[in-house]
Amino acid sequence: MVEETTSLEVLRVENLYKSYKSGFIPRRFPVLKGISFSVHQGEIFGYLGPNGAGKTTTLKCILGLIFPDSGEIKLFGQPHLFLKAKEKVGYLPENPYFYEYLTAREFLNFYAQLFPRERMADKNKINELLHLVGLEKAADLQLRKFSKGMLQRIGLAQALINDPELVFLDEPLGGLDPIGRKELRDIIVNLKEKGKTVFLCSHILQDIEMICDRVAIIVGGRLVAQGALTDLISEKVLFTEITLSGLPRETLEGLGEFVSVRGDRALIKVFDENKLSQILNLVREKKGKIYSLVPRTETLEDIFVDMVKQR
Amino acid sequence: MKIKAIALNTFKEAIRDRILYLLFFFAAAAIIFSRILALLTVGDRIKIIKDVGLASLSLFGALMAILIGTGLVYKEIDKKTIYTVISKPIHRWQFLLGKFLGLMLTLVVMIGLMSLIFLAVVFVHTFKFEPRLLIAIAFIFIELFLITAVAILFSCFSTPILSSIFSLAFYLIGHTSWGLETLIRKLKSGVWRSLAQFLYTFLPDLENFNFRTEIVHGLTIQPKFYFYSALYGFFYTLFILVLANIIFRKRDFV
Numbered sequence: 001m002v003e004e005t006t007s008l009e010v011l012r013v014e015n016l017y018k019s020y021k022s023g024f025i026p027r028r029f030p031v032l033k034g035i036s037f038s039v040h041q042g043e044i045f046g047y048l049g050p051n052g053a054g055k056t057t058t059l060k061c062i063l064g065l066i067f068p069d070s071g072e073i074k075l076f077g078q079p080h081l082f083l084k085a086k087e088k089v090g091y092l093p094e095n096p097y098f099y100e101y102l103t104a105r106e107f108l109n110f111y112a113q114l115f116p117r118e119r120m121a122d123k124n125k126i127n128e129l130l131h132l133v134g135l136e137k138a139a140d141l142q143l144r145k146f147s148k149g150m151l152q153r154i155g156l157a158q159a160l161i162n163d164p165e166l167v168f169l170d171e172p173l174g175g176l177d178p179i180g181r182k183e184l185r186d187i188i189v190n191l192k193e194k195g196k197t198v199f200l201c202s203h204i205l206q207d208i209e210m211i212c213d214r215v216a217i218i219v220g221g222r223l224v225a226q227g228a229l230t231d232l233i234s235e236k237v238l239f240t241e242i243t244l245s246g247l248p249r250e251t252l253e254g255l256g257e258f259v260s261v262r263g264d265r266a267l268i269k270v271f272d273e274n275k276l277s278q279i280l281n282l283v284r285e286k287k288g289k290i291y292s293l294v295p296r297t298e299t300l301e302d303i304f305v306d307m308v309k310q311r
Numbered sequence: 001m002k003i004k005a006i007a008l009n010t011f012k013e014a015i016r017d018r019i020l021y022l023l024f025f026f027a028a029a030a031i032i033f034s035r036i037l038a039l040l041t042v043g044d045r046i047k048i049i050k051d052v053g054l055a056s057l058s059l060f061g062a063l064m065a066i067l068i069g070t071g072l073v074y075k076e077i078d079k080k081t082i083y084t085v086i087s088k089p090i091h092r093w094q095f096l097l098g099k100f101l102g103l104m105l106t107l108v109v110m111i112g113l114m115s116l117i118f119l120a121v122v123f124v125h126t127f128k129f130e131p132r133l134l135i136a137i138a139f140i141f142i143e144l145f146l147i148t149a150v151a152i153l154f155s156c157f158s159t160p161i162l163s164s165i166f167s168l169a170f171y172l173i174g175h176t177s178w179g180l181e182t183l184i185r186k187l188k189s190g191v192w193r194s195l196a197q198f199l200y201t202f203l204p205d206l207e208n209f210n211f212r213t214e215i216v217h218g219l220t221i222q223p224k225f226y227f228y229s230a231l232y233g234f235f236y237t238l239f240i241l242v243l244a245n246i247i248f249r250k251r252d253f254v
């Protein structure tokens with residue numbers, strides 16, 4: 001199941017099964033049904049799936065928060081619960097909850113002490129991290145006074161406290177404003193440039209598409225696709241969106257699909273290249289005006305929606 | 001180092017919890033109140049002050065251990081703060097031990113302060129320092145450490161309210177189980193006697209740590225009783241902590 005590769009594997013998950021017991025008379029509900037994938041050194045790996053697909057459950061298994069029913073997980077070639085392997089890992093959970101009675105500095109200092117001396121962050125490293133996530137001014141504020149976005153940032157700092165080789169980020173863009181999202185994307189890309197590996201769970205597909213090298217899509221506890229983004233997404237033009245004015249509607253009938261018409265201006269979807277040429281010729285003849293012309297190729301979202309619908 | 005970090009973090013959490021100060025206030029009030037009680041009593045006033053003071057230390061210490069201890073692990077799981085800690089290179093038993101030591105430290109500081117108030121009140125009345133009172137206080141500590149372990153054990157698998165009820169039941173049973181010894185003596189041999197004997201062996205006997213009456217009344221105690229009681233406290237606490245670890249090490253944090 002796991003694809004063969006020559007580059008160094010930092011994470012390998014094989015045939016992972018996990019079920020939960022629930023109800024008064026406990027019944028088992030399978031959540032993961034034989035997940036296998038591997039993550040290679042230095043890449044940004046996107047782990048996608050709709051709500052309840054098993055993304056967070058997979059992460060929890062890898063990090064030793066829950067125990068799988070069966071299957072094997074290896075981190076840096078070692079069993080995933082080995083402390084030596086966990087030393088090289090950072091983790092930002094979804095909607096992070098932290099010790100709210102601590103200040104940001106105390107908080108980072110606490111996590112620093114959970115690592116062996118050679119990986120322990122000192123004062124300078126903590127200041128550096130506070131600077132990286134833009135929380136220098138809030139360093140001595142208790143976390144109970146933090147906004148959701150600030151908690152997400154301090155959570156990221158916590159995930160990077162040991163200068164990890166592999167960072168797991170579960171929905172890291174949730175709760176961030178557009179500027180915060182851009183900053184976080186820059187931090188992730190920067191980690192990759194430093195040779196780190198990033199494992200990213202996210203619903204925000206645009207962000208994944210922008211920065212991920214490879215992705216795996218999980219639906220209903222099974223992986224339905226995995227591979228390099230370039231392999232998954234074809235570059236074929238699906239249709240072209242054209243916004244124009246100066247042409248009567250009747251002349252355009254049959255050439256494309258009207259999406260919206262506002263006054264003189266119309267937005268039309270054109271699926272055929274010949275028809276697109278015809279429209280452009282008409283515009284020239286009738287002295288019309290083109291405002292925009294956007295070819296739409298397949299996106300990750302199209303693939304994702306297709307996969308989810310198929311199941 | 002890791003255990004120390006968790007213990008100190010637990011200490012910070014407890015110290016920043018308001019309930020601790022509420023209990024501290026009531027305990028200090030009870031110790032001071034013992035003086036008023038002594039005025040209203042016929043007999044040796046100093047004995048009343050000592051007796052009520054030590055009993056207050058024991059009772060409020062147990063309440064602190066139970067009310068804070070039962071929330072310790074549960075809150076970490078409920079608030080999901082445990083996710084980021086357990087995913088670090090740390091064994092689960094180190095986490096549990098850190099929590100236990102953190103609460104022990106909190107109790108040592110708080111009960112230590114209360115003891116100072118108590119000893120000061122006694123000193124004001126007698127103008128002499130009584131080292132034997134320290135022995136009674138030391139055994140209160142041993143009892144509190146055991147109760148802390150019990151509170152953490154329940155906290156590993158049930159909600160704070162249920163855990164508090166269970167721990168309180170442990171405390172009450174522990175202080176009344178000596179009655180079973182009398183019962184065993186009075187019963188003829190048979191099923192009931194075997195059952196009473198079994199229960200007496202299994203149930204905790206917290207009166208083993210109670211030297212208050214002997215010390216307040218100046219009775220002599222053989223050193224071996226101190227030794228056996230301390231040993232009993234140590235092994236019982238260890239047993240409870242091992243049990244807590246067995247439950248905790250295979251627990252899924254969903």
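As you go down the protein sequences, you meet chains A and B in turn. For the record, in the first sequence the residue sitting at position 280 is 280 according to our numbering, with numbers rising by one throughout. For the record, in the second sequence the residue sitting at position 245 is 245 according to our numbering, with numbers rising by one throughout. Built from N, CA and C at the ideal position, the CB exists for glycine as well. Quick caveat: nothing in here was measured; it's all calculated off a predicted structure.
Same chain only: Cβ atoms within 7 Å of residue i, ignoring 5 sequence neighbours per side
i: Gly49 (chain A); result: Lys55, Ile217, Ile218 and Val219
i: Gly227 (chain A); result: Arg214
i: Ile215 (chain B); result: Arg132, Leu133, Ile135 and Ala136
i: Ser229 (chain B); result: Phe139, Asn208 and Phe209
i: Phe64 (chain B); result: Looking at the sequence itself, residue 64 (chain B) is Met, so the reference to Phe does not match. Closer than 7 Å at Cβ, skipping near neighbours: Leu20, Leu23, Leu107 and Met110.
i: Lys33 (chain A); result: Tyr17, Gly221 and Arg222
Contact check, residue i vs residue j, beta carbons under 9 Å
i: Leu146 (chain B); j: Gly218 (chain B); result: no
i: Cys201 (chain A); j: Glu171 (chain A); result: yes
i: Leu65 (chain A); j: Ile82 (chain B); result: yes
i: Val122 (chain B); j: Leu133 (chain B); result: yes
i: Thr157 (chain A); j: Val133 (chain A); result: Note that residue 157 (chain A) is Ala in the sequence shown here, rather than Thr. For Ala157 (chain A) and Val133 (chain A), yes; Cβs fall inside 9 Å.
i: Glu14 (chain A); j: Ser36 (chain A); result: yes
i: Tyr101 (chain A); j: Gln142 (chain A); result: yes
i: Val198 (chain A); j: Ile44 (chain A); result: yes
i: Leu160 (chain A); j: Leu129 (chain A); result: yes
i: Pro96 (chain A); j: Gly221 (chain A); result: no
i: Leu199 (chain B); j: Gly174 (chain B); result: no
i: Leu144 (chain B); j: Gly61 (chain B); result: yes
i: Ala38 (chain B); j: Phe110 (chain A); result: no
i: Ile268 (chain A); j: Leu252 (chain A); result: yes
i: Tyr226 (chain B); j: Phe239 (chain B); result: no
i: Ala7 (chain B); j: Gly98 (chain B); result: yes
i: His125 (chain B); j: Ile36 (chain B); result: no
i: Leu101 (chain B); j: Thr10 (chain B); result: yes
i: Ile208 (chain A); j: Gly46 (chain A); result: yes
i: Leu180 (chain B); j: Ala196 (chain B); result: yes
i: Phe253 (chain B); j: Lys79 (chain B); result: no
Cβ of residue i within 9 Å of any chain D Cβ
i: Asn162 (chain A); result: No chain D appears in the structure shown, which is made up of the protein chains A and B.
Supposed contact pair residue j and residue i - C-beta distance, whole angstroms, cut 8 Å
i: Leu67 (chain B); j: Ser164 (chain B); result: 7 Å
i: Leu388 (chain A); j: Leu75 (chain A); result: Past the boundaries of the shown model lies residue 388 (chain A); chain A is included only from 1 to 311, so the question cannot be answered.
i: Leu114 (chain A); j: Ile48 (chain B); result: Not a contact, Cβ separation roughly 50 Å.
i: Ile242 (chain A); j: Leu293 (chain A); result: 5 Å
i: Arg296 (chain A); j: Thr240 (chain A); result: 7 Å
i: Leu247 (chain A); j: Gly288 (chain A); result: 5 Å
Own chain residues within Cβ distance below 6 Å of residue i, not counting five before or after
i: Ile279 (chain A); result: Leu255
i: Leu291 (chain A); result: Correcting the residue identity first, residue 291 (chain A) is Tyr in this sequence and not Leu. Excluding residues within five positions, the ones whose Cβ falls inside 6 Å are Thr243.
i: Leu206 (chain B); result: Glu143, Gly174 and His175
i: Ser177 (chain B); result: Leu203 and Asp205
Cut-off 8 Å between Cβ atoms - residues of its own chain near residue i, not counting five sequence neighbours on either side
i: Lys196 (chain A); result: Gly42, Pro164, Glu165, Leu166 and Val167
i: Tyr20 (chain A); result: Arg28, Phe29 and Val31
i: Pro160 (chain B); result: Thr70, Gly71, Tyr74 and Lys75
Problem set entry | Sufficient close CB pairs (3 or more, under 8 Å) joining the stretch 88-97 of chain A to the stretch 233-250 of chain A | No, the stretch 88-97 of chain A is not in contact with the stretch 233-250 of chain A.
Exercise. Unbroken beta strand (DSSP E) runs of length 3 or more, entirely within the stretch 113-188 of chain A: which are they?
Worked result: Listed in chain order, they are 166-170.
Exercise. Does the stretch 14-32 of chain A come within contact of the stretch 181-195 of chain A, defined as at least 3 CB pairs closer than 8 Å?
Worked result: Touching, no, given that fewer than three Cβ pairs across the two stretches are closer than 8 Å.
Exercise. Unbroken beta strand (DSSP E) runs of length 3 or more, entirely within the stretch 195-225 of chain A: which are they?
Worked result: Here the runs fully enclosed are 197-201 and 214-219.
Exercise. Taking three-plus beta-carbon pairs below 8 Å as touching, is the stretch 173-190 of chain A in contact with the stretch 69-88 of chain A?
Worked result: Contact between the stretch 173-190 of chain A and the stretch 69-88 of chain A is absent, because fewer than three Cβ pairs lie under 8 Å.
Exercise. Does the stretch 65-77 of chain A come close enough to the stretch 169-185 of chain A to have 3 or more Cβ pairs within less than 8 Å?
Worked result: With the cut-off at 8 Å, the stretch 65-77 of chain A and the stretch 169-185 of chain A do not touch.
Problem set entry | Three-pair Cβ contact test at 8 Å for the stretch 72-79 of chain B versus the stretch 150-158 of chain B | Yes, the stretch 72-79 of chain B is in contact with the stretch 150-158 of chain B.
For this session: Decide if the stretch 133-152 of chain B is in contact with the stretch 57-73 of chain B; the criterion is three or more beta carbon pairs, one per stretch, under 8 Å apart.
Result: With a cut-off of 8 Å, the stretch 57-73 of chain B and the stretch 133-152 of chain B count as touching, because enough Cβ pairs lie within range.
Exercise. If we count Cβ pairs, one from each stretch, closer than 8 Å, do we get three or more for the stretch 165-180 of chain A versus the stretch 136-154 of chain A?
Worked result: Yes, the stretch 165-180 of chain A is in contact with the stretch 136-154 of chain A.
Exercise. Quick check: the stretch 82-96 of chain B against the stretch 297-304 of chain A, are there 3 or more CB pairs under 8 Å?
Worked result: Counting Cβ pairs under 8 Å, fewer than three are found: no touch.
For this session: Would you check if the stretch 23-38 of chain B and the stretch 112-122 of chain B touch, i.e. whether three or more CB-CB distances between them fall below 8 Å?
Result: Yes: at least three Cβ pairs fall under 8 Å.
For this session: Please determine if the stretch 184-195 of chain B and the stretch 235-251 of chain B are in contact, where contact requires at least 3 C-beta pairs separated by less than 8 Å.
Result: Taking a contact to require three or more Cβ pairs closer than 8 Å, the stretch 184-195 of chain B and the stretch 235-251 of chain B do not qualify as touching.
Exercise. What are the start and end residues of each continuous alpha helix (DSSP H) run of 4 or more residues lying completely inside the stretch 24-74 of chain B, in chain order?
Worked result: You should have found no qualifying run.
For this session: Pick out the complete beta strand (DSSP E) segments inside the stretch 233-296 of chain A, 3 residues or longer, and give them in chain order.
Result: Counting only runs of 3 or more, we get 237-245, 257-262 and 265-270.
Exercise. Can you give, in chain order, each stretch of the alpha helix (DSSP H) that sits fully within the stretch 2-74 of chain A and has at least 4 residues?
Worked result: Restricting attention to alpha helix (DSSP H) runs no shorter than 4 residues, the stretch 2-74 of chain A encloses them at 55-62, ordered along the chain.
Exercise. At which residue ranges does the stretch 123-203 of chain B contain complete beta strand (DSSP E) runs of 3 or more residues, listed in the order of the chain?
Worked result: The qualifying runs do not exist here; there are none.
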